[in-house]
Each structure stands twice: as C-alpha cells, then as structure tokens.
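Using our numbering, the final residue of the sequence shown is 1294, and nothing's skipped along the way.
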Amino acid sequence: MIKNYFKIAWRNLIRNKWSSSINIIGLAIGLATCLIILLFVNHELGYDRFHKKADRIARIYFEGNVQGEKMKETVVMAPVAETLKKDFPEVEDATRLRSYDWAPQLAVHDHVFKQDALAYVDANFFDVFTLPFITGDPKTALVDPNTVVLTKAIAQKYFGDEEALGQIIHFKTEDKAPMKVTGVIENIPLNSHFQFGLLTSMNSLDDARQQNWMNSNYYTYVLLKDKRDFEKLDAKVPRLVDTYIGPQMKDGTGQTLAEFRKSGSNLTFQLQRLTDIHLYSDFPYDLSAPGDVRYVYIFSAVALFMLLIACINFMNLSTAEAAKRTREVGIRKVLGSLKSELVKQFLMETILIATIALLLSLLLIKVALPFFNDLSGLQLTLSFTEKPWMTPALIGTVLITALLAGSYPAFYLSSFKPVAVLKGKWNPVKNGVSFRSTLVVFQFFISIMLIVSTIVVYKQLSYIRNKDVGYDKDKVMVISNVWALGNNVDVFKQQLQNDPAVAHVSASRYLPAGGSDNNNFFVSTEQEPDRLVKTLRYEIDEHYIPTLGIQLESGRNFSQQYGTDSAAVIMNEAAVNALGWKGDALGRTISRNGNNGEEIYRVIGVVKDFHFRSLHERISPLVMVLAPDPGNLVVKINTADIPSFTAKLQQRFTAYGAEDPMDYSFLDERYNNTYKAEQKIGTILGVFAMLTIFIACLGLFGLAKFTAEQRTKEIGIRKVLGATATQLSAMLSKDFSKLVLIAVAIASPIAWWAMNKWLEDFAYRIDIQWWMFAAAGLLAGAIALVTVSWQAIRAAVANPVDSLRDE
C-alpha cells in the first residue's frame, strides 16, 4: 500500500512540475533558514554546558550604588573564594581566575610571541571546570608557582611537534620569572565564556594571598554540593559585606559601612549561574563579549515563522489547485476509497516534497553557512558526527513540516463529496478563498514585522555612527604595543610630535572607544566629607584632551609648567553635577583615601560630557588626573594620505628594534566595533526579511497564476466587452493588494511595541516614526504587486479567442 502511495505521489509531483517546484523551493529555503538558526540557537544555549559540573557552578559578582551611580563588577576580592569555602556549607569548592593585565611578549627558544590570552588560575581550577588534559596531571599541574598549562593550539604554535611538557617559557620584556610547562589541555570550546591559551599558577601572585577586601581583581567561581543550593547560598552571600568589607572600609574610603549606607549607598554580593553568564550578563566589562537571550528568542521566532511561511505556501497552492483533483477524489470514493486512505495518500505526497526540499536545503546550508558565519562571527558547522542530535532533528523536522504543511490540504481534499464533485457542483476555489487570504495576510504580517525591525535597527546604528560623541574619533590612530619599543618609547613619541603629518600625540591606556582600562575612583568633598561619589578615573597626559578634541567648558588643560598639576583634576560635567557644583567647580577640592592615606586634588578644568562608554549607558561622572602612561600612543593624524603615513610609521617602529610589527587600530573603527553585535543583528534581520518576502512572493506568484487560470473565461468575456489590459490587471491585483494592506495594519502596532522594547536598551536612541511603517508597507506592497501583476498582465493580454473557443 505504501509503495502504491509513493508511486501516485511521484506521478503527481511530475505531472504538476510548476507548483511542485514552487513548493519545494519555498520549503527548502524555509528549512535551510530554520536549520541554520537552530545551529545558532544551539551554540548560544550551549555556552559553558560542556563542563560536567556546569549545573553546580556559579560565579559571584559585586554590585551596588554609590550616590545613585550604579556599579556592577564581575571581579571580586582575593579572599572571597577561600572565605566562601570556609563560611558556607553549601560550597564544595571555590576557584579563581585573574586575566593578565596586558599582552606580554613570551620567548620560546629563539622565537618571540605576543600573547593576549594568558590568565592566572588556582591549582584547583581543573577540579571545578572540565578541561581535559592531554599530558600532565591536573591535580598538581599548577600547584607550584611559575608553572603554566597550555592549550593544544598554543602548544603546537610554540613548540610544533616537539614535546611541550617540561619546556620553559620566558617573559621577554618584563621582570618576571620564567614559566615551566606542566600540562597541555584540549582546546577550550568556542562556546566558553573564557578563552585563554595559557593558564598559569595563581601561586605566582603575591596579591592573590592578601586579605584585602577593598581591591577587586578576581573572577571567582563556586562549586555547589547540590545545584538546589543556589538560591540558599545566593541569599547568604550578601553578609560578606558586613563581616569582611565593613571592618576595612574606614581605612579604604574614610567612611564606616554604616555611614556609607546612611548616605544612600550600598554594596552587596550576588551569584550568577555559570550557564547564565553568556546570555544574561550586563556587566560593563567581562571575560568575553556577552550574548543576549533576546536575540535567541528573536531568531527562534524567525526560524519558526520562516518555516510557517513555507508551509503556508504549500497549503495555499495545494488547496488552490484542488479543482484539478476533484474528479480524482470523487472517482476514488465511488470505487470504495476511505477518507483515511485518501488522507494518507495526500500526506505521502507532502512527505515526498518535504524530503526533496530537505535534501535541497542541506545543499543550500552548505553554500550559505560560510556567509552566515561571516555575518555572525561564529564558526558553526553542519556535522552529523559532532552533533548526533542533527539526524533525529532533521527527520523530525521533515515529519513536522509534512504534517504542518500537508494536514489541512489532506483533510480538505479528502472531504469532497463524490456526488457533488461528479455533478460539477463543488467549487473548491470559492470554498477556500477566505482561508487562503488569511494565510497570505499572515505571511506578509511576518515580512512587514521583519522589514520594520530592520529599518529601526539600521536607523539606530546610523544614529550611533553619526552622533556627536564629544570627541574627535576620525583620523586618530591607537598604537597598542608601545612596550615593544622598550626604552625607545619617548624617542619614538618625540619623533611623532615632530612629524608634520601628526597634529598631536598622547600617551594613555584609557580610551573612550573599544576595550580600555576601567578605574573606579571614590571621592568626597570638603563640604560633605561623609558623602562618597563614585566616578571613573582616567590617567592621561597634557596632550590627551587636544589629541581627542575634547572640549573644555571652563578652566584649563594640564600643563608641565605647573608642578602642582600632579595633584589636580579635570572633571566632566556629569561629575560636577554629581558633586553639586554646577557652574562653580574651578578651584574646589576633592579627596580620596589612597594607598598613602588621604589624597587631595584641586579642580583646574571642566570638560564637556563625552561618551567614553557605549551609548547603551548614560554618561557617568569622570575624573581625569595627570599620570602619563605609555599603555597606548594616541596619534591625531594631520594628513589625508593615511596608508602612506601608516607604512612609514611601521618602518620607523621596527627601526627601533621592535621584534613585532606595530599593532595599531583607528579610534573610529574601535567605536564602530563597540556596536558590532547590533550591526550583525541588523544585517541578519535584513537578510531574513528579504527571504521571508521572497518565500511569500513565491506563494503569491503561484496563487496569482492559479487565479488567472481559474478566471480565464471571465477575462476573455471582459476583453470582448471592451475591458482594457490595464483594467484587467488592476482587477486581478486588487484583491492581493487589499491583503497586504491588512497585513500592514496588523503588523504596525506589534512592530512598534517590539522595537520600542529593543530600543529601551539604549540610553541614547532614535524615535520610531510613522514613515518606517509606511516604507515597510510600500516595499512589501510593491514587491507583492510586481509579483501578482506579472501574471495579471500575462492573462490580460492573452487572446480572448483562445479562452472562449469552447463556448
């Protein structure tokens, strides 16, 4: 019986090549899109889940507010890990990670490598996290100071085919002891929130053993005895503030904890599940750029909608072409076929089409996946061996698609009454119009939603790119590996200052765009010594402000001519307002408790607010102090021929004995990279929007062709009676245009709500305007009209003699 079903299904497929092709292409694109998004969702949801104890691991973080200024940090104090093990019975183990402050040069034999993926970890790190060893003993690998464990990739890079275990790695430019390789581990999976090629012993750091509760540098993780203890421990960890921070707070800030809280400020500790770190983090700085669970939901919805639109095409064409199969159904029923047998027959046809579409979709995925990886920055692969869930997922997808797309047509076609059909009184076209219209509206509803979303995302990104951020980011070069010059940094800097192609040069590791150092700076005033205000501190030289074109609102810049400027500060407007000094800040003093007691600074200047963080955040208080640091050289270029200038600078850099080439970037690129995630989302949404419209138009094209065929005689009669081709085209296109307008009306308020929710994540944002919905509707309508009009015009210009010759 099944063989017979298959034969009939294949014959119908061959007989109706045109409609079958539309169904297969539409389903293939829908399936390919759905499967690619499924790979993306699986990657995002799988972050850090490869650790065997992932469901019992949590990270402790530090948050609070100081005079209304929020602080939320992933790093905590050195003694937190040991204290958690000692004080809380729910904790089985605790371990720490501290990322290296900058990218060092490492020497192996005669080769020098720049390595920015180095971190200190505790010896028990491998007891908590699953990082399989290839060679070495995980229990003892990092017990001794100055030992290091390498990933397989780094071991291959440094030592080639030579055995890495026991080898020595030297720090090329720093006064640090060499490291002995005591282990090699498998490469850390890409869906891990930490990515380090070298893990060196925490016992190498003296700071790691100090009981200082006022300095935060350590990412700290706990291994719970039972995953159900998470809420219990999360409720207990805030007491660490009273027990341990409180006694040290007076010496660290000049305030007792009670005074600190009385002023309206507060601090606390919280837990975050390991598996939540990637998708649910909103920390200013973390070990890696976080994902966003909202995009997982958005893309999952897009995948579902793409598949639904493809299935709707199938339903539409199948029910629309029902007229061609009414006599077949009537004769089968007269000859004794049961309705259940007819349903099975039509479902078999759907399964056959879905299977062919799946095979085509796999080919499309092979072609499209590299492009998607370029857009998303991921390395997704369609591997049946690495992902054993793929085979059952594909089979399940085919069956679900077949049932989804074929169930209604199967029951619809099998419900024809044989007497009515054979007498010619059954009109499936008329009976199915309202249902097909609803499906078309749904298709364009989804398409318009995606078009509006794409327009809003692109307008917000355009706003970000063109917004006046308060500093000059154009033609500003950042040289980040200045340390490679050794003792020649000042000479190189002086040579740059004398170059006519250079307007300004500054030395600072603090940058307003891209990755930069972040330094909390708690200050108080003489008028309110018990009130702490949280600011950020930038350590700059006297050239920083003119190099970046930051505008002074009042006062003056730092100058080497004033010896007292080492105890001076320049503030932004947000800091002045936070201190209550609006219009009256110059000459006032602020103080802080530093390592050498109380430090007092005098305000010599106020700069206009500039965006030194993402536009997702409001501009916060900032204090700049005179403390030149060659972490980066910031160069304002004064020539239009930047490639030639860069090439000349590269030669000059290596001429000073630097073994590595000059590592540089441009400030505008760093700024744009801050919003790379949003740029990727916008591009991907745009691609998906075009795909949904394409699939919807495939179905619309088929329906238009079918409608024109069904109305051939009507069109012939109208032409004989004097109707023009334009009038006939308008008549055939009118009904479909109405459906698109209905879709616009339904989609607009929902799209407005959804994109407003997305824009809430930006402190500085555009307003959603009416023309965005009009543009989306016009685009969708124009594409739909072109699709329908082609068939309408073709039918309208046909010779009426051909359609009426049988009458």
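Ideal placement from N, C-alpha and C gives every residue a C-beta, glycine not left out.
(request) Could you work out which residue in 1249, 1257, 519 and 1246 is closest to residue 881 when comparing CA atoms only? (result) Translated into the one-based positions of the sequence shown, residue 881 becomes position 394. Closest in alpha carbon position to residue 881, among 1249, 1257, 519 and 1246, is 519.
(request) Pick out whichever of 695, 653 and 535 has its Cα sitting closest to the Cα of residue 775. (result) Taking the sequence shown and counting its residues from 1, the one referred to as residue 775 is at position 288. Ranking 695, 653 and 535 by Cα distance to residue 775 puts 535 first.
(request) Take the Cβ of residue 919 as the centre, count every other Cβ of all protein chains shown within 10 Å, and call the residue buried at 16 or more, exposed below. (result) Counting from one through the sequence shown, the residue named residue 919 turns up at place 432. Confidence in residue 919 is poor, its pLDDT being 47 and thus under 50, which makes the residue's placement unreliable; the coordinate value appears in the next sentence. Buried, because 16 or more other Cβ atoms sit within 10 Å of the Cβ of residue 919.
(request) Have a look at the DSSP bridge pairing and note the partners of residue 580. (result) Position 93 of the sequence shown holds residue 580. 710.
(request) Assign residue 735 to one of three DSSP states: helix, strand, or coil. (result) As a working mapping, residue 735 is identified with position 248 in the sequence shown. Collapsing the DSSP output to three states places residue 735 in a helix.
(request) For the segment 1109-1149, list the alpha helix (DSSP H) runs that are entirely contained and at least 4 residues long, ordered along the chain. (result) For the segment 1109-1149, the full-length alpha helix (DSSP H) segments reaching 4 residues or more read 1129-1142 along the chain.
(message) Between the segment 657-668 and the segment 698-713, can you find at least three pairs of beta-carbon atoms closer than 8 Å?
(response) When Cβ pairs closer than 8 Å are counted between the two stretches, the segment 698-713 is seen not to touch the segment 657-668, the count staying below three.
(request) Measure the Cβ-Cβ separation of residue 1226 and residue 944 and say whether it is below 8 Å. (result) Position 739 of the sequence shown, counted from the first residue, corresponds to residue 1226. Position 457 of the sequence shown, counted from the first residue, corresponds to residue 944. The beta carbons of residue 1226 and residue 944 sit no closer together than 8 Å.
(message) As an exercise, report each continuous beta strand (DSSP E) stretch of at least 3 residues that is fully enclosed by the segment 988-1040, in chain order.
(response) Within the segment 988-1040, the complete beta strand (DSSP E) runs of at least 3 residues are 989-994, 1007-1012 and 1020-1027.
(request) Check whether the Cβ atoms of residue 512 and residue 1185 lie closer than 8 Å to each other. (result) Along the sequence shown, read from residue 1 onward, the residue named residue 512 stands at position 25. Along the sequence shown, read from residue 1 onward, the residue named residue 1185 stands at position 698. With a cutoff of 8 Å on beta-carbon distance, residue 512 and residue 1185 are scored as near each other.
(message) Quick check: the Cα distance between residue 1102 and residue 1025, rounded to an integer number of angstroms?
(response) The residue given as residue 1102 occupies position 615 in the sequence shown. The residue given as residue 1025 occupies position 538 in the sequence shown. So the two alpha carbons sit approximately 19 Å from each other.
(message) Could you pull the DSSP bridge partners for residue 548 from this structure?
(response) What you label residue 548 is simply residue 61 of the sequence shown in a count that begins at 1. Partner residues in the beta bridge of residue 548, as assigned by DSSP, are 757.
(message) If I measure Cβ to Cβ from residue 1038 and keep anything under 6 Å in the same chain, skipping five residues before and after, which residues do I get?
(response) As a first step, residue 1038 must be located in the sequence shown, where it is residue number 551. In the same chain as residue 1038, and ignoring 5 residues on each side of it, the C-beta atoms closer than 6 Å to its own belong to 1095, in chain order.
(request) Mind reading off the beta-carbon distance from residue 996 to residue 1116? Whole number of angstroms is fine, and I expect it under 8 Å. (result) Along the sequence shown, read from residue 1 onward, the residue named residue 996 stands at position 509. Along the sequence shown, read from residue 1 onward, the residue named residue 1116 stands at position 629. Between the beta-carbon of residue 996 and that of residue 1116 there is about 5 Å, and that keeps the pair under the 8 Å contact cut.
(request) Measure the beta-carbon distance from residue 1180 to residue 934 and round it to whole angstroms, keeping in mind my assumption that it falls under 8 Å. (result) In the sequence shown, residue 1180 corresponds to position 693, counting from 1. In the sequence shown, residue 934 corresponds to position 447, counting from 1. The C-beta distance from residue 1180 to residue 934 rounds to 5 Å, short enough to fall under 8 Å.
(request) Leaving out five residues on either side along the sequence, give the residues of the same chain with a beta carbon under 8 Å from the beta carbon of residue 917. (result) Counted from its first residue, the sequence shown places residue 917 at position 430. At residue 917 the pLDDT is 48, less than 50, meaning the model places this residue with poor confidence and gives no usable figure here.
(message) residue 744 and residue 733 - do their beta-carbons sit closer together than 8 Å?
(response) Against the sequence shown, residue 733 aligns to sequence position 246. Against the sequence shown, residue 744 aligns to sequence position 257. Between residue 733 and residue 744, the C-beta spacing is below 8 Å.
(request) Output the distance between the C-alpha atoms of residue 1222 and residue 1183, rounded to the nearest integer angstrom. (result) Looking up residue 1222 in the sequence shown gives position 735. Looking up residue 1183 in the sequence shown gives position 696. Answer to the nearest angstrom: the Cα atoms are 16 Å apart.
(message) Need the endpoints of the beta strand (DSSP E) that residue 635 sits in, please.
(response) To locate residue 635, count along the sequence shown from 1; it is residue 148. According to the DSSP assignment, residue 635 belongs to the beta strand (DSSP E) that extends over 634-638.
(message) Check this for me: beta carbons of residue 672 and residue 620, under 8 Å apart or not?
(response) For this step, residue 672 is matched to residue 185 along the sequence shown. For this step, residue 620 is matched to residue 133 along the sequence shown. When the beta-carbon positions are compared, residue 672 and residue 620 come within less than 8 Å of each other.
(message) Between which two residues does the beta strand (DSSP E) holding residue 607 run?
(response) Counting from one through the sequence shown, the residue named residue 607 turns up at place 120. Run containing residue 607: 605-608, per the beta strand (DSSP E) assignment.
(request) Assign residue 1247 to one of two classes, buried (16 or more other C-beta atoms within 10 Å of its C-beta) or exposed (fewer than that). (result) Start at 1 with the first residue of the sequence shown, and residue 1247 comes out as number 760. Classification of residue 1247: exposed, given that the 10 Å Cβ count is below 16.
(message) Cutting at 6 Å between CB atoms, please list the residues of its own chain near residue 505, excluding the five before and the five after it.
(response) Within the sequence shown, residue 505 is the residue found at index 18, counting from 1. Only residues of its own chain outside the window of five on either side were considered, and among them none has a CB closer than 6 Å to the CB of residue 505.
(message) Counting C-beta neighbours from all protein chains within 10 Å, is the total for residue 1294 16 or more, i.e. buried, or is it exposed?
(response) Along the sequence shown, one-based indexing puts residue 1294 at 807. Any reading at residue 1294 must be qualified, since the residue scores a pLDDT of 49, below 50, and its modelled position is unreliable; no value is offered.
(message) Tell me the DSSP secondary structure of residue 701 in three-state form.
(response) Numbered from its first residue, the sequence shown carries residue 701 at position 214. Coil at residue 701, not helix or strand.
(message) In the DSSP assignment, the alpha helix (DSSP H) including residue 594 goes from what residue to what residue?
(response) Locating residue 594 in the sequence shown gives position 107, where the first residue counts as 1. Careful: residue 594 lies outside any alpha helix (DSSP H), inside the beta strand (DSSP E) at 592-595.
(message) Measuring CB atoms only, is the segment 686-699 touching the segment 624-639, in the sense that at least three cross pairs come out at less than 8 Å?
(response) Of all C-beta pairs linking the segment 686-699 to the segment 624-639, three or more are shorter than 8 Å, placing the two stretches in contact.
(request) Could you name the residues that DSSP lists as bridge partners for residue 1088? (result) Locating residue 1088 in the sequence shown gives position 601, counting from the first residue. Looking at the DSSP output, residue 1088 bridges to 1077.
(request) With a 10 Å radius around its C-beta and 16 neighbouring C-beta atoms as the bar for buried, classify residue 1244 as buried or exposed. (result) Here the question's residue 1244 lines up with position 757 in the sequence shown. Per the 10 Å Cβ criterion, exposed.
(message) At the level of alpha carbons, what is the spacing between residue 885 and residue 842?
(response) The residue labelled residue 885 in the question sits at position 398 within the sequence shown. The residue labelled residue 842 in the question sits at position 355 within the sequence shown. The alpha-carbon atoms of residue 885 and residue 842 are separated by roughly 6 Å.
(message) Can you give me the C-alpha to C-alpha distance between residue 1151 and residue 967, rounded to a whole angstrom?
(response) Sequence index remark: in the sequence shown, residue 1151 carries index 664 (1-based). Sequence index remark: in the sequence shown, residue 967 carries index 480 (1-based). Spanning the alpha carbons of residue 1151 and residue 967 requires a straight line of approximately 6 Å.
(request) Taking all protein chains shown into account, decide if residue 575 is buried (16 or more other Cβ within 10 angstroms of its Cβ) or exposed. (result) Mapped onto the sequence shown, residue 575 falls at position 88. Buried, since its Cβ has 16 or more Cβ neighbours within 10 Å.
(message) Give me, in chain order, the residues of the same chain whose beta-carbon lies closer than 6 Å to that of residue 1274; leave out the 5 immediate sequence neighbours on both sides.
(response) What you label residue 1274 is simply residue 787 of the sequence shown in a count that begins at 1. Cβ neighbours of residue 1274 beyond the five flanking positions: 1184, 1187 and 1188.
(request) Using three-state DSSP, classify residue 1237 as helix, strand or coil. (result) As a first step, residue 1237 must be located in the sequence shown, where it is residue number 750. In the three-state reduction of the DSSP assignment, residue 1237 falls in the helix class, which pools H, G and I.
(message) Rounding to the nearest angstrom, what Cα-Cα distance links residue 530 and residue 677 in this structure?
(response) Taking the sequence shown and counting its residues from 1, one reaches residue 530 at position 43. Taking the sequence shown and counting its residues from 1, one reaches residue 677 at position 190. Taking the straight line joining both Cα atoms gives about 9 Å.
(request) Using beta-carbon positions only, say whether residue 756 and residue 549 come within less than 8 Å of one another. (result) Residue numbering aside, residue 756 sits at position 269 when the sequence shown is read from its first letter. Residue numbering aside, residue 549 sits at position 62 when the sequence shown is read from its first letter. Yes, Cβ-Cβ distance for residue 756 and residue 549 is below 8 Å.
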